[in-house]
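Residue numbers (my numbering): 14 to 381. Just so it is clear, CB atoms sit at the ideal spot from N, CA and C, and this is done for glycine as well. See structure below.
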């Protein structure tokens, strides 16, 4: 009899524990829902070009670009484990937004937004970075197309865009072969520009603008700047006195700005160089310094580029075949060590984050 009573007592105790755990689980879910709706978790976009402030129920965007009418950002659903899993389109006039793409991966990494004219491109994949698909959205037709994918045998670097053309490097892992690829979004046609001789990291740096491509290739003991005229289908080579170079940027069709790495194992030791294509000579952009710390190099306009050196932004402008250097003063008092600062399509993007919170602010302005 005592055994029976003990058995029943154990059963009752187990039932009580199950009920308690169920109630606790529901409470935790309610707390999670409360966190999701927490009004302190948000993204504010301060669009100075349109004099608009837009508040969105997302936190940190992983990439963002603009066109004349819209802002595009890759963001994440609340409570998702993804890095980011969708592309949203935000109207710059009225602040209305919608999702134009949502990843099918349960844990996704949707990122790498770039835009030029009516085309917007991005990369979608899993959080391991092995399975990626390249996508493009056309503002005029409202069509989304995929134009390349990767797997455990083929990898592609993040693409760059100019007009209807997209370029990237493609790596075949089994054969260790790398190719420079050009893709026509209108014709949906892929063109192989060149097979790269060396399967190395520096092949991830390339530039495309106004039907011209620039990239770096390593040949034997030296690096070579390569230019490709898309319309003329003409490839040219310019050897430079270094073994490693990156961020090649074409200026005025006659100059290439690039970063020369002084130590392959320490990329912070570098120099900013400008190559004169006509006279085939190198120019040290900071002639009074044997080495600098270039952390950013970007096309600014047809005759200028911007760079970040020791946490100071500079603009180099071509004037009478000479580059003039000027410090870019910031009205926002930006701190490159604490803020993410980029430049694209004639606009600066400054992403700020409140410490110990999920509040983010994205400033969009033609000036820094």
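Subject >> Segment limits, beta strand (DSSP E) that includes residue 117 >> reply: By 1-based counting over the chain shown, the position of residue 117 is 104. Here residue 117 belongs to no beta strand (DSSP E), and DSSP marks it neither H nor E.
Original post:
What is the rounded straight-line gap between the Cα of residue 266 and the Cα of residue 247?
Top reply: Sequence index remark: in the chain shown, residue 266 carries index 253 (1-based). Sequence index remark: in the chain shown, residue 247 carries index 234 (1-based). Taking the straight line from one Cα to the other gives about 14 Å.
**OP:** Tell me whether residue 216 sits in a helix, a strand or coil according to DSSP, three-state version.
**Re:** Counting from 1 along the chain shown, the entry for residue 216 is found at position 203. Residue 216: helix per DSSP, three-state reduction.
**OP:** Please name the residue, chosen from 160, 286, 317, that lies closest to residue 302 on a Cα-to-Cα basis.
**Re:** Taking the first residue of the chain shown as 1, we reach residue 302 at position 289. Among 160, 286, 317, the Cα nearest to that of residue 302 is on 286.
Original post:
Is it true that the CB of residue 135 sits closer than 8 Å to the CB of residue 198?
Top reply: Start at 1 with the first residue of the chain shown, and residue 198 comes out as number 185. Start at 1 with the first residue of the chain shown, and residue 135 comes out as number 122. Cβ distance not < 8 Å, so residue 198 and residue 135 don't count as in contact.
**OP:** Would you check if the distance between the CB atom of residue 157 and the CB atom of residue 114 is smaller than 8 Å?
**Re:** Within the chain shown, numbered from 1, the residue matching residue 157 stands at position 144. Within the chain shown, numbered from 1, the residue matching residue 114 stands at position 101. In contact: residue 157 and residue 114 (Cβ atoms closer than 8 Å).
**OP:** Give a yes or no on whether the C-beta atoms belonging to residue 270 and residue 236 are separated by under 8 Å.
**Re:** Counting from 1 along the chain shown, the entry for residue 270 is found at position 257. Counting from 1 along the chain shown, the entry for residue 236 is found at position 223. Their beta carbons are not under 8 Å apart, which means residue 270 does not touch residue 236 by this criterion.
Subject >> Delimiting residues of the beta strand (DSSP E) encompassing residue 76 >> reply: In the chain shown, residue 76 corresponds to position 63, counting from 1. Element bounds for residue 76: 76 to 79.
**OP:** Go ahead and pull the three-state DSSP assignment for residue 304.
**Re:** Here residue 304 corresponds to residue number 291 of the chain shown, with the count starting at 1. Coil at residue 304, not helix or strand.
Original post:
To the nearest whole angstrom, what separates the beta carbons of residue 356 and residue 311, a pair I think is in contact under 8 Å?
Top reply: Here residue 356 refers to the residue found at position 343 when the chain shown is read from its first residue. Here residue 311 refers to the residue found at position 298 when the chain shown is read from its first residue. Confirmed, about 5 Å.
Subject >> Continuous beta strand (DSSP E) stretch holding residue 283: start and end >> reply: The residue given as residue 283 occupies position 270 in the chain shown. Residues 283 to 289.
Subject >> residue 373: first and last residue of the uninterrupted beta strand (DSSP E) it sits in >> reply: Position 360 of the chain shown, counted from the first residue, corresponds to residue 373. Its beta strand (DSSP E) spans residues 372 to 378.
**OP:** Quick one: residues in its chain with C-beta nearer than 6 Å to the C-beta of residue 274, no 5 flanking neighbours on either side, listed in chain order?
**Re:** Stepping through the chain shown from its first residue, residue 274 is reached at position 261. Within the same chain, residue 274 has close Cβ partners 257, 280, 283.
Subject >> Closest residue to residue 99 among 82, 126, 80, 81 (Cα-Cα distance) >> reply: Residue numbering aside, residue 99 sits at position 86 when the chain shown is read from its first letter. Among 82, 126, 80, 81, the Cα nearest to that of residue 99 is on 126.
Original post:
Taking the C-alpha atoms as reference points, what is the distance between residue 250 and residue 290?
Top reply: The residue you call residue 250 lines up with position 237 of the chain shown. The residue you call residue 290 lines up with position 277 of the chain shown. Rounded to the nearest angstrom, the two C-alpha atoms are 10 Å apart.
Original post:
Nearest-angstrom Cα distance between residue 145 and residue 191?
Top reply: One-based indexing of the chain shown puts residue 145 at position 132. One-based indexing of the chain shown puts residue 191 at position 178. Answer to the nearest angstrom: the Cα atoms are 17 Å apart.
Subject >> Burial state of residue 233 (16 or more Cβ within 10 Å) >> reply: For the purposes of this step, residue 233 is identified with residue 220 of the chain shown, where counting begins at 1. Exposed, by the Cβ-count rule.
Original post:
In chain order, what residues of the same chain lie with their CB nearer than 8 Å to the CB of residue 103, ignoring the 5 residues before and after it?
Top reply: Start at 1 with the first residue of the chain shown, and residue 103 comes out as number 90. Around residue 103: 58, 67, 69, 83, 84, 85, 86, 109, 110.
Subject >> residue 257 (DSSP reduced to helix, strand or coil) >> reply: Along the chain shown, read from residue 1 onward, the residue named residue 257 stands at position 244. Three-state DSSP puts residue 257 in coil, outside helix and strand.
Original post:
Count the other CB atoms within 10 Å of the CB of residue 32; is the residue buried (16 or more) or exposed (fewer)?
Top reply: For the purposes of this step, residue 32 is taken as the residue at position 19 of the chain shown. Its pLDDT being 49, under 50, residue 32 is placed unreliably in this model, and the value from its coordinates should be taken loosely. That one is exposed.
Subject >> Cα-Cα separation, residue 368 to residue 352 >> reply: In the chain shown, residue 368 corresponds to position 355, counting from 1. In the chain shown, residue 352 corresponds to position 339, counting from 1. Distance between the alpha carbons of residue 368 and residue 352: 12 Å.
Subject >> Boundaries (first-last residue) of the beta strand (DSSP E) holding residue 347 >> reply: Taking the first residue of the chain shown as 1, we reach residue 347 at position 334. Premise fails: residue 347 is in no beta strand (DSSP E) and is neither H nor E.
Subject >> With 16 other Cβ atoms within 10 Å as the buried cut-off, status of residue 370 >> reply: Taking the first residue of the chain shown as position 1, residue 370 is located at position 357. With fewer than 16 Cβ atoms within 10 Å of its Cβ, residue 370 is classed as exposed.
Original post:
Among 129, 363, 228, which one has its Cα closest to the Cα of residue 210?
Top reply: Indexing the chain shown from 1 puts residue 210 at position 197. Taking only the C-alpha atoms, the option nearest residue 210 is 228.
Original post:
Among 375, 91, 334, which one has its Cα closest to the Cα of residue 347?
Top reply: Here residue 347 refers to the residue found at position 334 of the chain shown. For the residues 375, 91, 334, the minimum Cα distance to residue 347 belongs to 375.
Subject >> Reduced DSSP category for residue 188 - H, G, I as helix; E, B as strand; rest coil >> reply: Sequence index remark: in the chain shown, residue 188 carries index 175 (1-based). Of the three classes helix, strand and coil, the one that applies to residue 188 here is coil, per DSSP.
Original post:
Exposed or buried, what is residue 380 when buried is set at 16 or more other beta-carbons lying within 10 Å of its beta-carbon?
Top reply: Here the question's residue 380 lines up with position 367 in the chain shown. Classification of residue 380: exposed, given that the 10 Å Cβ count is below 16.
Original post:
Just the Cα atoms here: how many angstroms apart are residue 365 and residue 304?
Top reply: What you label residue 365 is simply residue 352 of the chain shown in a count that begins at 1. What you label residue 304 is simply residue 291 of the chain shown in a count that begins at 1. In a straight line, the C-alpha of residue 365 is about 30 Å away from that of residue 304.
Original post:
What did DSSP end up calling residue 70 once you bin it into helix, strand or coil?
Top reply: Against the chain shown, residue 70 aligns to sequence position 57. Here residue 70 sits in coil by DSSP.
**OP:** Between the Cα of residue 77 and those of 120, 124, 64, 63, spot the shortest distance and give me the residue it belongs to.
**Re:** Indexing the chain shown from 1 puts residue 77 at position 64. When each option's Cα is compared against that of residue 77, the closest is 124.
Subject >> Through-space distance from residue 120 to residue 42, alpha-carbon basis >> reply: As a first step, residue 42 is located in the chain shown; it is residue number 29 there, counting from the start. As a first step, residue 120 is located in the chain shown; it is residue number 107 there, counting from the start. In this prediction, residue 42 has a pLDDT of 39, which is less than 50 and means its spatial position is unreliable; what the coordinates show is noted afterwards. In a straight line, the C-alpha of residue 42 is about 20 Å away from that of residue 120.
Subject >> Local conformation of residue 40 per DSSP, three classes >> reply: Your numbering for residue 40 matches position 27 in the chain shown. The predicted position of residue 40 is uncertain, since its pLDDT is 42 and thus under 50; a value taken from the coordinates is nonetheless stated next. Correct three-state label for residue 40: helix.
Subject >> Residues of its chain near residue 184, where Cβ-Cβ distance is below 6 Å and the 5 sequence neighbours each way are ignored >> reply: Sequence index remark: in the chain shown, residue 184 carries index 171 (1-based). For residue 184, where only same-chain residues beyond five positions count, the Cβ hits under 6 Å are 168, 191.
Subject >> DSSP three-state assignment for residue 153, whether helix, strand or coil >> reply: Numbered from 1 along the chain shown, position 140 holds the residue referred to as residue 153. In the structure shown, residue 153 sits in coil (DSSP, three-state: anything other than H, G, I, E or B).
Original post:
Hey, how far is the Cα of residue 226 from the Cα of residue 260?
Top reply: Translated into positions along the chain shown, residue 226 becomes position 213. Translated into positions along the chain shown, residue 260 becomes position 247. Those two C-alpha atoms are separated by around 12 Å.
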